[in-house]
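K.L.:
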Amino acid sequence: MHKNMQKLYENIGSFLAFDPHSVSVEDFFGQLANFRLLFLEAMKENHKKKEMEEKIKRAKLAKEKAEREKQERQHKKKQLIDMNKGMPLLPAPPQRETGRQVGS
């Protein structure tokens with residue numbers, strides 16, 4: 001069994017391009033475990049970064065939409081004001097008499 005494990009370790013050494021005679025099994029698996037931890041940490045960081053970028057993008061789009069809506073409201077308000085300026089003012093409604101006669 002030991003010879004089989006040694007043969008498999010030599011095969012993995014040639015596959016991953018390291019000398020299995022100069023690197024101990026413990027060192028190899030220690031480095032492999034360290035690589036795995038760093039790789040998973042990098043994946044988490046990349047995921048967080050992507051989420052943050054998406055959040056910033058959504059906020060930017062929301063801000064642009066709000067600005068467009070504000071400009072549309074201002075434009076409609078200006079059109080309404082211009083429309084009212086172009087129309088003659090309506091005469092004031094006649095005042096109702098209170099039943100008293102003036103000058104009596």
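Numbering (the UniProt record's numbering), first residue to last: 1 to 104.
Glycine included, C-beta positions come from ideal geometry on N, C-alpha and C.
Computed from a predicted structure; not experimentally measured.
#1: Determine the direct distance from the alpha carbon of K44 to that of H2, and round the result to whole angstroms.
#2: Going straight from the alpha carbon of K63 to that of D82, what length do you get?
#3: Can you give me the Cβ contacts of K77 inside the same chain, cut-off strictly under 6 angstroms, excluding the 5 residues immediately before and after it?
#4: Cutting at 7 angstroms between CB atoms, please list the residues of its own chain near A59, excluding the five before and the five after it.
#5: Can you give me the start and stop residues for the alpha helix (DSSP H) that E8 sits inside?
#6: Would you report the Cα separation of L40 and K65, rounded to the nearest angstrom?
P.N.:
Quick look at the numbers:
#1: 38 angstroms
#2: 28 angstroms
#3: none
#4: none
#5: Here residue 8 turns out to be Leu, not Glu, going by the sequence shown. Start and end: H2 to F15.
#6: 37 angstroms
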